[in-house]
């Protein structure tokens with residue numbers, strides 16, 4: 001993909017934020033956030049399908065009413081999933097679709113869908129995704145991720161690029177903060193003084209983007225309705241202005257973290273399994289690009305402007321043999337820039353209704369729940385929560401299944417499930433932290 005297209009993707013995403021997002025933004029220059037959007041391209045036309053901001057995650061589990069991961073990239077992808085469910089519903093009912101441009105076309109058999117052949121999907125992110133893509137050289141030393149290396153509690157073995165440790169799935173993982181191994185699986189950073197059952201087990205955004213590059217953006221339940229996976233053509237990231245001038249460190253880190261690992265996964269699949277007759281298995285690899293267009297409320301943009309230390313979604317640790325990185329604070333010695341506590345999501349199907357979330361709680365803005373009553377979380381549940389998306393799913397499938405795991409097992413495409421098992425049980429992604437949450441579906445009322 002050309003650099004011109006990459007710049008157009010970024011300009012489209014940033015223009016959309018400036019024109020359409022007014023709530024849930026960081027406070028002046030005392031806060032930063034990460035912005036991500038799914039941008040559709042049709043020849044020379046670009047438009048935003050789904051957009052989000054966010055830097056937080058939570059370990060709270062409330063039967064699918066809480067968003068565990070409110071990082072911008074994850075919310076943008078969930079927003080796309082919501083758009084796909086809404087568009088499928090409109091097509092199945094022969095309704096005209098006026099909200100946003102139609103992404104889908106129906107197969108002649110009218111049982112399967114796919115993204116229109118003349119449309120490409122791109123992911124724009126204002127800062128390098130947390131995890132492996134965030135480890136690269138900078139003018140003041142070395143920037144590195146705070147997302148934590150996953151190790152086995154029993155063996156102490158680290159999950160690495162050479163295949164991981166299958167024993168990682170036994171017992172609670174230990175997050176090793178001072179390890180900056182390249183091409184490794186990581187879970188998202190958080191307060192290290194929390195007990196293990198309260199720590200997030202969400203995988204880093206770098207890791208999740210690799211998985212999307214293999215399995216598609218559509219997820220398990222939509223896999224049964226799609227002829228082929230919904231794949232990204234590219235990942236476009238704004239340039240980190242703190243990097244050493246005239247170097248490609250940021251781009252090299254992106255290449256290492258996403259395309260290189262995706263190729264390694266496909267090589268593993270090709271060596272161990274026959275993919276010739278499977279569900280449109282194809283080793284599509286998205287391209288990665290770094291562009292000059294900057295997000296004014298982003299971490300690197302504010303660091304360059306203010307020369308200010310950060311408390312970040314990627315908290316610094318110590319990565320020997322590199323010098324410990326500290327952003328200069330001479331101009332403002334007592335000032336720190338913190339991550340914005342709000343998260344926001346927007347979809348083209350509801351252009352005038354952005355949703356504002358409390359990222360660390362995984363629910364919409366409102367009265368803080370007491371923590372005991374499920375109804376309090378249900379009332380504030382996001383339209384992107386599992387329960388809300390399951391609401392869309394059950395409308396399409398007309399099923400009477402009442403449990404989450406049973407629905408996934410019954411309605412997901414069998415070959416998609418096989419591929420997921422293959423890539424997470426062996427190869428570069430083995431050691432992936434997998435949750436087996438099960439809960440009843442709450443389908444008594446329509447949710448966003």
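Residue numbers (full-length UniProt numbering): 1 to 448.
The beta carbon of each residue, even a glycine, is placed where N, CA and C say it ideally should be.
Q.
Under DSSP, the alpha helix (DSSP H) around residue 212 begins and ends at which residues?
A. In the DSSP annotation of this structure, the continuous segment of the alpha helix (DSSP H) that includes residue 212 starts and ends at 205 to 215.
Q | Complete beta strand (DSSP E) runs within the region 233 to 293 (minimum length 3 residues, chain order) | A | With a minimum length of 3 residues, the continuous beta strand (DSSP E) runs that stay inside the region 233 to 293 are 234 to 238 and 287 to 291.
(Q) I need the straight-line Cα distance from residue 437 to residue 31, nearest angstrom please. (A) Each residue's alpha carbon lies about 34 angstroms from the other.
Q: Using a Cβ cut-off of 8 angstroms (strictly closer), state whether residue 59 contacts chain C.
A: Protein chain content of the structure displayed is limited to a single chain, and chain C is not contained in it.
Q. With 16 as the cutoff for other CB atoms within 10 Å, does residue 361 come out buried or exposed?
A. That one is buried.
(Q) Considering only their Cβ atoms, is the gap separating residue 76 from residue 38 smaller than 8 angstroms? (A) The Cβ-Cβ distance between residue 38 and residue 76 falls below 8 angstroms.
Q.
Once DSSP output is grouped into helix, strand and coil, what is the label at residue 50?
A. In the structure shown, the three-state DSSP call for residue 50 is strand.
Q) Quick one, which of 19, 57 and 87 has its alpha-carbon nearest residue 392's? A) 87 is the residue among 19, 57 and 87 whose C-alpha sits nearest the C-alpha of residue 392.
Q.
So, with DSSP's three-state summary, where would you put residue 345?
A. Here DSSP, grouped into helix, strand and coil, assigns residue 345 to strand.
Q. Exposed or buried, residue 44, counting other C-beta atoms within 10 Å across all chains shown (16 or more means buried)?
A. Residue environment for residue 44: exposed (fewer than 16 other C-beta atoms within 10 angstroms of its C-beta).
Q. For residue 103 versus residue 82, is the C-beta spacing smaller than 8 angstroms?
A. No, Cβ-Cβ distance for residue 103 and residue 82 is not below 8 angstroms.
Q: Look up residue 106 in the DSSP assignment and give the residues it is bridged to.
A: According to DSSP, residue 106 bridges with 113.
(Q) Between the alpha carbons of residue 289 and residue 59, how many angstroms are there, rounded? (A) So the two alpha carbons sit approximately 32 angstroms from each other.
Q. How close, in whole Å, do the beta carbons of residue 131 and residue 249 come, if the pair is a contact with beta carbons under 8 angstroms?
A. Contact flag wrong, Cβ pair sits at about 16 angstroms.
Q | Neighbourhood of residue 287 by C-beta distance below 6 angstroms, restricted to the same chain and skipping five residues each side | A | Within the same chain, Cβ atoms closer than 6 angstroms to the Cβ of residue 287 are found at 1 and 234, the five residues on either side in sequence being excluded.
Q. Where do the ends of the alpha helix (DSSP H) carrying residue 92 lie?
A. Unbroken alpha helix (DSSP H) run through residue 92: 72 to 92.
Q: On a CA-only basis, which of 13, 417, 387 and 3 is nearest residue 294? Give me that one, please.
A: Ranking 13, 417, 387 and 3 by CA distance to the CA of residue 294 puts 13 first.
Q. If you draw a straight line from the C-alpha of residue 412 to the C-alpha of residue 272, how long is it?
A. Looking at the two C-alpha atoms, the distance is approximately 23 angstroms.
Q.
If I measure Cβ to Cβ from residue 251 and keep anything under 8 angstroms in the same chain, skipping five residues before and after, which residues do I get?
A. Correct list, in chain order: 288, 289 and 290.
(Q) According to DSSP, simplified to helix, strand and coil, what is residue 405? (A) The answer is helix: DSSP assigns residue 405 an H, G or I state.
Q. Would you say residue 188 and residue 206 are within 8 angstroms of each other, going by their C-beta atoms?
A. Not a contact, by the Cβ cut-off of 8 angstroms.
(Q) What does DSSP give as the partner residue(s) for residue 125 in the beta ladder? (A) Its beta-bridge partners are 36 and 237.
**Q.** Boundaries (first-last residue) of the beta strand (DSSP E) holding residue 57
**A.** For residue 57, the enclosing beta strand (DSSP E) covers residues 55 to 57.
**Q.** residue 33 classed as buried or exposed, judged by whether at least 16 other C-beta atoms fall within 10 angstroms
**A.** Buried, because 16 or more other Cβ atoms sit within 10 Å of the Cβ of residue 33.
(Q) Using a 10 Å radius around the Cβ and a threshold of 16 neighbouring Cβ atoms, would you call residue 182 buried or exposed? (A) By the Cβ-count criterion, residue 182 is exposed, with fewer than 16 other Cβ atoms from all chains shown falling within 10 Å of its own Cβ.
Q: Could you tell me if residue 433 is buried or exposed, where buried requires 16 or more neighbouring beta carbons within 10 angstroms of its beta carbon?
A: That one is buried.
Q) What's the C-alpha gap between residue 352 and residue 302? A) Between the alpha carbons of residue 352 and residue 302 lies a gap of roughly 28 angstroms.
(Q) According to DSSP, residue 356 sits in a beta bridge with which residue or residues? (A) Residue 356 is bridged to 344.
Q) Per DSSP, which one or two residues make a beta bridge with residue 45? A) When DSSP reads this structure, residue 45 sits in a beta bridge with 42.
Q.
Does residue 31 come out as helix, strand or coil in the three-state DSSP assignment?
A. Three-state result, residue 31: strand.
**Q.** Three-state secondary structure (DSSP) of residue 393
**A.** Helix.
Q: Helix, strand or coil for residue 12, going by three-state DSSP, please let me know.
A: Secondary structure of residue 12 (DSSP, three-state): helix.
Q. Excluding sequence positions up to five away, which residues of its chain have a Cβ less than 7 angstroms from the Cβ of residue 534?
A. Given a span of 1 to 448 for the chain in the structure shown, any question on residue 534 remains unanswerable.
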